[in-house]
Amino acid sequence: MDSEVINRRIELLRQEHRDLDSAIDALLSANAVDQLQVARIKKRKLRLKDEIALLEDMLIPDIIA
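Okay, so the sequence shown: first residue is -13 according to the numbering used here, each after it adds one.
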């Protein structure tokens, strides 16, 4: 994969991660909090974080010492 494509994908994933933060904040500020929905969003955030880390690792060249 081209580094430009990877960087763009990382930015999109980071934006989605921020959007999920906003969604969690909105749910928690509502009177009726759906804990199951909050848990699902948090799980999605963790998957996004893992995917971002994987893509960032792809950008770092392997250095053979």
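Don't be surprised by glycine CBs; every beta carbon is placed ideally from N, CA and C.
Neighbour flag for residue i against chain D, beta carbons, 7 angstroms
| i | result |
| --- | --- |
| K31 | Judged by its chain identifiers, the structure shown contains no chain D, having just a single protein chain. |
Where residue i falls: helix, strand or coil (DSSP)
| i | result |
| --- | --- |
| V24 | helix |
| I46 | coil |
| A39 | helix |
Where the alpha helix (DSSP H) containing residue i begins and where it ends
| i | result |
| --- | --- |
| N(-7) | S(-11) to S15 |
Residue i burial status per 10 Å Cβ neighbour count (16 or more: buried)
| i | result |
| --- | --- |
| L22 | exposed |
| L(-2) | exposed |
Close Cβ partners of residue i (< 7 angstroms) along its chain, the five nearest in sequence each way excluded
| i | result |
| --- | --- |
| S(-11) | L45 |
Sequence-distant residues of its chain with Cβ nearer than 8 angstroms to residue i (five each side left out)
| i | result |
| --- | --- |
| V19 | L13 |
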